[in-house]
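Reviewing the structure listed below.
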């Protein structure tokens, strides 16, 4: 029993010797305790003045000199750009035929363009509309006597032109289909001239299809010996009218 107690005491002593020393946490230990190991250094940092690194600001005189230097350097550039802009604007206005005053030149006339700076044109009421039917307007500028005088002047200038003879056609002896229509009296389809040969309807139709109109066919027919002769087979019935040409429209 005694030996067992001695062995247990030895084991406890060995365990106590192996255990690390715990830090003091009492109230009398300054700067110690759980979570307060760095309290002294933290307080020293709070109490110490803050070190702010800054650059010395230039004085007001130095700032004014710098602004003047920048202005003197950029002013010529701004003036050059402004001059170039004005030159381009003038060239554009010249190309468009417009001046800066809101006017343009067209065909030697000075035309006022629409612009807020230009006055609005004067409005004219009823321009070009007659007021002859307005009794108030007419009575204000005319009287019964002046109206009679105007009517008499208009009647004096009135003239009736009498018809005269038609002028003779100048030059050449080419037949005229209108004159031929007025000279003849018989209607279309009445045989007046005798035809020899056997001109079929198909041949006549084919020959008439060559011309643009029956007037052209009748003119060619008269030129080639018609109405007595029908060399082109355009008048197979012998009425003197080629390809069904009708003189009635010229006799009205």
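In this note's numbering, the protein residues as written are 3 to 254. Glycine included, every Cβ here is placed at the ideal spot set by N, Cα and C.
Membership of residue 210 in the alpha helix (DSSP H) is indicated by the continuous run 203 to 210. Around the beta carbon of residue 14, fewer than 16 other beta carbons lie within 10 angstroms, which makes this residue exposed. Take residue 177, set aside five residues on each side of it, and the residues of its chain with a beta-carbon closer than 8 angstroms to its own are 221, 224, 225, in chain order.
The Cβ atoms of residue 238 and residue 201 sit closer than 7 angstroms to each other. Here residue 17 carries a helix assignment [DSSP, helix/strand/coil]. Remark: fewer than three beta-carbon pairs, one from each stretch, lie closer than 8 angstroms, so the segment 189 to 208 and the segment 151 to 170 are not flagged as touching. In the structure shown, residue 164 adopts coil according to DSSP, grouped into three states. By the neighbour-count criterion, in which a residue is buried when 16 or more other Cβ atoms sit within 10 angstroms of its Cβ, residue 136 is exposed. Assignment of residue 192 by DSSP, reduced to helix, strand and coil, places it in the coil class. In this structure residue 188 is not in contact with residue 180, their Cβ atoms being roughly 17 angstroms apart against a cut-off of 8 angstroms.
Per DSSP, reduced to three states, the secondary structure at residue 176 is coil, with no helix or strand assignment. For a cut-off of 8 angstroms, the C-beta gap from residue 196 to residue 240 is around 6 angstroms, short enough to register as a contact.
Counting the other Cβ atoms within 10 Å of the Cβ of residue 228 gives 16 or more, which makes it buried.
With a 10 Å radius around the Cβ and a threshold of 16 neighbouring Cβ atoms, residue 236 comes out buried. Taking the C-beta atoms as reference points, residue 244 is found no nearer than 7 angstroms to residue 211. Separation of residue 206 and residue 230 (C-alpha to C-alpha, rounded to the nearest whole angstrom) is 17 angstroms. Annotated three-state conformation of residue 134 is coil, per DSSP. Residue 213 sits in coil when the DSSP states are folded into three classes, being neither helix nor strand. Spanning the alpha carbons of residue 161 and residue 140 requires a straight line of approximately 28 angstroms. Each of 233, 208, 251 was checked against the Cα of residue 217, and the nearest Cα belongs to 251.
With respect to residue 190, residue 209 sits apart: the two C-beta atoms are not nearer than 7 angstroms. Sequence-distant Cβ neighbours of residue 123 in its own chain, meaning closer than 7 angstroms and more than five residues away, do not exist here.
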